[in-house]
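Mapping of the sequence shown onto this note's numbering: residues 195 to 382, in sequence order. Glycine residues also receive a C-beta, built at the ideal position from the N, C-alpha and C atoms. Encoded as structure tokens, the structure appears first; notes follow it.
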Amino acid sequence: MPVKSDTWIKRMAREHGLIEPFEPGQVRAVDGRPVISYGTSSYGYDLRCASEFKVFTNINSTIVDPKDFDSGSFVDIDNDVCVIPPNSFALARTVEYFRIPRDVLTICLGKSTYARCGIIVNVTPLEPEWEGHVTLEFSNTTPLPAKIYANEGVAQVIFLQSDEPCEVSYADRVGKYQGQRGVTLPKA
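If you want it as structure tokens, here you go:
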């Protein structure tokens, strides 16, 4: 499974809508203001976080159950900055909408800028023929509040292409997160 280069990413974005909206270069400043970089890198794509956040709260003293998730455990925030309480987490979504080819699997890793601040970005692999906005999870592992910046880079997606298409894709299985838009909570 070779890792795909910036040339492949640009071609797939242009010809097949791999990533929309797509940034062909690496953006480090917007209107002269420095930002955490996003866009195409040598062997991946640095994705952005949208301004739509769900911050975990223990106000209802509920149990976190992935089979019966209580959406009341979150406070909705729509802002350019999200502050995550100490030792807590938030969900967000990418600005970008992804369409993964049948012979490609992606792995997503958090950017070092956030990791060096104790903020862990978690994303599961994007499977062959999955499409949608990626739901991001930010864990604040510090004893202090932590900021996440919308419309700036938060994680890098690496594309791995097989020498043959998979037998059964995410679309074939009619995966429960197919075509998701917005921040998507766990589904049983």
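- By the CB criterion at 8 Å, Q355 and K198 fall inside the cutoff.
- Contact annotation: A340 and C311 have beta-carbon atoms nearer than 8 Å.
- Unbroken alpha helix (DSSP H) runs of no fewer than 4 residues, entirely contained in the stretch 284-338, are found at 306-309, following chain order.
- For D200, the uninterrupted alpha helix (DSSP H) segment begins and ends at D200 to H210.
- Bounds of the beta strand (DSSP E) holding E246 are G238 to F250.
- Per DSSP, the unbroken beta strand (DSSP E) holding F268 starts and ends at F268 to D272.
- With respect to I203, Y232 sits apart: the two C-beta atoms are not nearer than 8 Å.
- Here R287 is not near V348, since their CB atoms are 8 Å or more apart.
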